[in-house]
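Report on one structure; see the data block that follows.
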Amino acid sequence: MKDPPELQLVALRVYDASAYVTKLERNMAASARTLVLRALSDSTRNIHHVSRCRIKHLCCRAGITGCRGYSDSTEGKSTHFGFQTVPEEEKAEKVYKVFENVAKKYDVMNDAMSLGIHRLWKDTLLHTMNPQPGLRLLDTAGGTGDISFRFLEYTRSMYDRQQRLRAKSHQTPSWQDIADHYVSDKAGPPQSRAVVCDINKEMLKVGKQRAEKAGITTGLSWVVGDAEELPFDDDQFDIYTIAFGIRNVTHIEQALQEALRVLKPGGRFMCLEFSKVTNPLLTRLYDAYSFQMIPVLGEVIAGDWKSYQYLVESIRKFPDQETFKEMIEDAGFFCVQYFNLTGGIVAIHSGFKL
């Protein structure tokens, strides 16, 4: 006996719904499998990428040739050396020769070129940094040690100021305060440390001579090293600075990644560099002075026109403030910001490793 038409219709709809649900489940399962496989593929690719970068870094640290930081090959690639276009593998050597030639007159030329204003720019960098006693600084491309000298002096003065404020707050100290003060004095102030790292041995040699004349003997180290392949382990420094040096690096992105690597979590990246002038009138005056006067000063004081011609041209090839800010963010830094000094002739860029 056949079912009534109404029951047959209900059964047909139940069958259709069941078939639809089964098809939907199959599609969902297929999508889930696809997502899982894609995630596994991406994860494997990332693991391989990290491993490859780490292996390259370890190779370079071990002195194995054929390894060049994070880049696979520079052969056949070109970059700028001032306004010239040169093969990438030649730029580092050319920059090295520039600073080798000007090392002995470098500090004198800084005063002459900037009319002494570079001292104010560097002081502003330290006041913006506001380092506390006991921190460890890496001054990359630190050359003759200007930033490191200021860092050590600043942290010493900061410690003395803290001690004076502490003494004022304890005009009538208790026996416990006196005992605590005696113990803290016996332990001594927290030791701030600065490491000057520069690829150019001649610049470091001049810096060491300056340190000896100034009587700076403790808390200061000098290391030969490339900003693109720093000879330090991960998470070592509280502050990373690079002043008027990053525009001379062949691969700026690679130098920024190295800065991130060697900083401790919470560490701060700070860069002082020539930038883009914001005022049109100042731009014309600045260009005229840069191209017509600075090479002449280089010839008269340092006996080297070409090196200072390159330095002027390298400033014009460096990215503007916003572009460089984006590069720092792309490297992995957070809270990136910049401050213009002297109408944008110089800018301080700052970022944090989280």
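Following our numbering, the numbering of the sequence shown begins with 12 at its first residue and continues without gaps. Glycine is no exception: its CB is placed at the ideal position from the N, C-alpha and C atoms. Here the structure is a predicted model, which means the values were calculated and not measured.
Simplified DSSP state of residue i, which is helix, strand or coil
| i | result |
| --- | --- |
| His360 | strand |
| Ala254 | strand |
| Glu213 | helix |
| Ser125 | helix |
| Ile239 | In the sequence as displayed, the identity of residue 239 is Glu instead of Ile. If DSSP states are grouped into helix, strand and coil, Glu239 belongs with coil. |
| Asp245 | coil |
| Met304 | coil |
| Pro276 | strand |
| Asn112 | helix |
| Asn351 | strand |
Closest by C-alpha distance to residue i, when choosing among the options
| i | options | result |
| --- | --- | --- |
| Phe255 | Ile326, Phe248, Glu111 | Ile326 |
| Asp157 | Ala225, Ala299, Lys102 | Ala225 |
| Asp245 | Thr229, Gln268, Leu126 | Gln268 |
| Gly362 | Phe350, Asn351, Cys346 | Cys346 |
| Pro7 | Leu296, Phe285, Lys317 | Any answer about residue 7 is impossible in this case: the structure gives the chain only from 12 up to 365. |
| Arg130 | Arg147, Phe160, Glu111 | Phe160 |
| Val234 | Thr166, Phe302, Gly154 | Gly154 |
| Gly218 | Gln247, Thr294, Ala152, Pro142 | Ala152 |
| Tyr349 | His360, Lys328, Asp341 | His360 |
| Tyr319 | Thr90, Phe110, Pro98 | Phe110 |
| Cys282 | Lys88, Lys133, Ala103 | Lys133 |
Proximity of residue i and residue j at Cβ, strictly below 8 Å
| i | j | result |
| --- | --- | --- |
| Leu231 | Ala270 | no |
| Ile257 | Met124 | no |
| Ile227 | Met140 | no |
| Gly355 | Lys275 | no |
| Gly277 | Lys364 | yes |
| Glu11 | Met338 | Since the first residue of the chain shown is 12 and the last is 365, residue 11 is not available in this structure. |
| Val106 | Asn259 | yes |
| Thr261 | Glu104 | no |
Nearest-angstrom Cα separation, counted from residue j out to residue i
| i | j | result |
| --- | --- | --- |
| Phe344 | Lys116 | 35 Å |
| Gln202 | Tyr300 | 43 Å |
| Phe335 | Leu292 | 24 Å |
| Val357 | Leu322 | 14 Å |
| Gly314 | Val307 | 9 Å |
| Asp150 | Ile253 | 6 Å |
| Ala238 | Arg221 | 23 Å |
| Pro242 | Cys208 | 9 Å |
| Arg147 | Ala114 | 26 Å |
| Asp368 | Leu215 | Nothing about residue 368 can be read from this structure; the chain reaches only from 12 to 365. |
| Glu101 | Phe162 | 34 Å |
| Glu213 | Gln143 | 31 Å |
| Asp341 | Lys179 | 47 Å |
| Met169 | Asp122 | 27 Å |
| Asp27 | Arg272 | Confidence is the limiting factor: at Asp27 the pLDDT is only 48, short of 50, which leaves the residue's position unreliable, though a coordinate-based value still follows. Roughly 60 Å between the two C-alpha positions. |
| Lys328 | Tyr165 | 33 Å |
Worksheet item: Which runs of the alpha helix (DSSP H), 4 residues or longer, sit entirely within the region 316-348?
Response: The qualifying runs are 316-328, 332-341.
Fill in: Residue ranges of each alpha helix (DSSP H) within the region 130-182, 4 or longer
With a minimum length of 4 residues, the continuous alpha helix (DSSP H) runs that stay inside the region 130-182 are 157-179.
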